[in-house]
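Student: Residue numbers (this note's numbering): 12 to 612. Beta carbons: idealized from backbone N, C-alpha and C, even for Gly. One structure, as structure tokens, below. Some questions next.
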Amino acid sequence: MNPIAVRAKSRLHCTIVFNKRAAEQSCLALLQSCDNLPKLTQVHSHILKLGLHNNPLVLTKFTSTSSDLNAIDYASSFMFSPECDTRLYDTFLFNTVIRAYAQTNHLKTKAIEFYNLMLEYGVFPNKFTYPFVLKACAGIGVLNLGKSVHASVLKFQFDNDIHVQNTLVHMYGSSKGGIECARKVFDEMSERDSVSWSSMIGGYARFGLSTDAIDLFRKMQMSGVCPDEITMVSVLSACTDLGALDVGKWIESFIEKQRVNKSVELRNALIDMFAKCGDVDRALKLFRNMSGRTIVSWTSVIDGLAMHGRGLEAVALFEEMVGAGVAPDDVVFIGLLSACSHSGLVDKGKEYFDLMKRDFGVVPKIEHYGCMVDMLCRAGLVKEAFEFVQKMPIQANAIIWRTVISACCAHGELKLGERITKWLIGNDPMHESNYVLLSNIYAKMFHWEKKTKIREVMDKRGMKKIPGSTMIELDNEIYEFVAGDKSHNQYKEIYEMLDEMGRKMKKAGHVPTTSEVLLDIDEEDKEDALNRHSEKLAIAFALLKTPPGTPIRIVKNLRVCSDCHSATKFISKVYNREIVVRDRNRFHHFKNGFCSCRDFW
DNA sequence: TTAGGGTTAG
């Protein structure tokens, strides 16, 4: 027990008989020293002995005392025990309980429960109540719940308070389907501070509405409200999502110029942005010069190296991290295993998978099993992957099964792929990607009738394939292309360029991989369909708009197809351009006819 | 005696 508590305890014993007021004071001091359940239980017995359990001051203190989860539960259940006089409930008491639960990771629903109880007992909420309650709603992320609390805010007329408004924006911006409501609250605010802007930008960034996030940041600058380090973290995460390296670099110089406080979180966001936007060396440099690295900093660089196929460096960095005394967590193991996966380090990956639990006490989750399956599949060990999935102690999810199916498709195990996919569709008949996989398998089998049927089923059920799209950033503008896109105002020049590229590539020896076109059309049309893939459109656009010799960077939403991969190699050679492609999984650096992934992806 | 926004993976 700490010195204050000892003093308080001795005072408590001395004063029990003399005066209740002093006992109360001592009791409060004792409570102050409580940071775990056993101490709290001890103090509870004193409270009962002294008859202080009806004292609202003590009751409140008791409830708000501990950060120990069990203690919060214990304290809040005390509120509803027979010893407790409910007439003494007040707003502050409920606020403390709600705050305690809102701050936890897993008991946020309890915060809402207590808010409802508060209303049931006729205790009025005040302007402090709603930020707590809304924060809990934000953590739960269920839109209807947040909406009902919003209705309460209006009923009790706290909707003019900027703190409440900001938390409303945050709550809607954290709930699925709530982003428009967030924007509505945001637009209707009479005054906005940096928290309002950050909450809205953060909401866009959280749900992948990254261009909206960056647009809003531009508006923020015009509004005259000064962005701070928290705003910048969200803006950077939007850049990371888009792969917008130029905007990211601009943000970095903005941070320098505006002297934005470079918190550890902001440095981490910068490292992550550079790593995922294709400049992993810059990320490494920032990382090396950084003091106060956290596990997030290490994870970002390890992950970045993994995406660039620099698996051995990622492994070395992981070892360095362990050597530096940083305990690895489950997230860093995902990066490490995916580094092994992307670089074909199968044995190393297996080794780490075994020792993560044994040596570091990190229990593998579904994602780690997913990495292992991915690793085996990439290495062409489809049957081993299948067996691995069957032996897993936890049930495989659809993502893992789809990994296996794709590998079946790529490595000619079509029958097995068909079997798994049919089973998967039986379990989840409304997931469109299962149908896409099955239809691809039938195309590879040349079963065109079956393939057509699948497409018909999809149409009937209103399901659509996610279209492949490619983004490119030129002069701080972001352009997006989909296959066969003609929406761009320079599309005629782009298509002329495509024809030229096709001719030059053929001359250099490129043979289109027409088996990638999973349509029942003749070979010439297949070539045409390949030529209109979104990445080729983006590259053609870049060749048109940038001076010779400058590197081209593009970002794909799906994995790059093998024809585009082979074509890009030829383009890099024919046009003497370095081309950096970020696809859904990793980076490909094309230079002089070769790709950094060594055709391993 | 209490209030709002941020980072890694999936």
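DSSP three-state call for M569: helix, strand or coil?
Tutor: Note that residue 569 is Leu in the sequence shown here, rather than Met. L569 falls in the coil class under three-state DSSP.
Student: Could you check the C-alpha separation between K433 and D198 for me, to the nearest Å?
Tutor: Approximately 48 Å, taken between the alpha carbons.
Student: Among Y183, H174, S444 and V468, which has the Cα closest to the Cα of K158?
Tutor: Nearest option by C-alpha distance: Y183.
Student: Hey, could you find the ends of the beta strand (DSSP E) V592 is sitting in?
Tutor: Taken as a continuous stretch (DSSP letters only), the beta strand (DSSP E) holding V592 covers I590 to R593.
Student: According to DSSP, simplified to helix, strand and coil, what is V153?
Tutor: In this structure, V153 counts as coil in the three-state DSSP scheme.
Student: List the endpoints of the continuous beta strand (DSSP E) containing F105.
Tutor: First-last for F105: T102 to A113, but that is the alpha helix (DSSP H), not the beta strand (DSSP E).
Student: Going by the CB atoms, is the gap between G320 and S607 shorter than 9 Å?
Tutor: A contact, by the Cβ cut-off of 9 Å.
Student: Residues in the same chain with beta-carbon distance under 7 Å from A16, minus the five sequence neighbours each way, listed in chain order, please.
Tutor: Reliability fails at A16, whose pLDDT of 45 lies under 50, so the model's placement of it is uncertain and no value is given.
Student: Looking only at its own chain, which residues have a Cβ that is under 7 Å from the Cβ of K556, when we skip the five neighbours before and after it?
Tutor: L485.
Student: If I109 sits next to F135, beta carbons under 8 Å apart, how far is it from one beta carbon to the other, in whole angstroms?
Tutor: The Cβ separation is near 14 Å, so there is no contact.
Student: Roughly how many angstroms separate the alpha carbons of N300 and D594, rounded to a whole number?
Tutor: The straight-line gap from Cα to Cα measures roughly 29 Å.
Student: Return the chain-ordered ranges of every beta strand (DSSP E) run that is complete within the region 117-204 and spans a minimum of 3 residues.
Tutor: For the region 117-204, not a single whole beta strand (DSSP E) run of length 3 or above is found.
Student: Skipping 5 residues on each side, what residues in its chain have a beta carbon closer than 6 Å to that of E424?
Tutor: Same-chain partners within the cutoff: V393.
Student: Hey, could you find the ends of the beta strand (DSSP E) S480 is sitting in?
Tutor: That run of the beta strand (DSSP E) goes S480 to L485.
Student: Quick test of the definition: if touching needs 3 or more C-beta pairs under 8 Å, does the region 144-155 touch the region 185-203?
Tutor: Flag = yes, the region 144-155 and the region 185-203 touch.
Student: Using the Cα positions of Q406 and E131, report the straight-line distance between them to the nearest angstrom.
Tutor: Computed Cα separation, rounded: 43 Å.
Student: Hey, how far is the Cα of D358 from the Cα of V592?
Tutor: Between D358 and V592, the C-alpha separation is close to 28 Å.
Student: Which of the three DSSP states is assigned to F581 in this structure?
Tutor: Residue state, collapsed to three classes: helix.
Student: Classify F605: buried if its beta carbon has 16 or more other beta carbons within 10 angstroms, exposed otherwise.
Tutor: Looking at its Cβ environment, which holds fewer than 16 other Cβ atoms inside 10 Å, F605 is exposed.
Student: Along the chain, where does the beta strand (DSSP E) containing Y490 start, and where does it finish?
Tutor: Here the beta strand (DSSP E) through Y490 covers E488 to V493.
Student: Give a yes or no on contact between the region 261-277 and the region 230-240, applying the rule of three or more CB pairs nearer than 8 Å.
Tutor: Yes, since at least three Cβ pairs between the region 261-277 and the region 230-240 fall closer than 8 Å, the two stretches touch.
Student: Would you list the residues sitting across from F601 in a DSSP beta bridge?
Tutor: Answer by DSSP bridge pairing, in chain order: I590 and C606.
Student: E429 and M469 - do their beta-carbons sit closer together than 9 Å?
Tutor: Not a contact, by the Cβ cut-off of 9 Å.
Student: Considering E362, what are the terminal residues of the alpha helix (DSSP H) in which it resides?
Tutor: V357 to R369 is the span of the alpha helix (DSSP H), which, as asked, contains E362.
Student: Pull the bridge partners of I563 from the DSSP assignment, please.
Tutor: DSSP output for I563 lists I590 as bridge partner(s).
Student: Do you know whose CA, among L297, H161 and L220, lies nearest C192's CA?
Tutor: Minimum Cα distance to C192 is reached at H161.
Student: Would the region 444-462 count as touching the region 546-566 if we require 3 or more Cβ pairs under 8 Å?
Tutor: The region 444-462 vs the region 546-566: no contact.
Student: Could you give the DSSP three-state label for D290: helix, strand or coil?
Tutor: Three-state DSSP puts D290 in coil, outside helix and strand.
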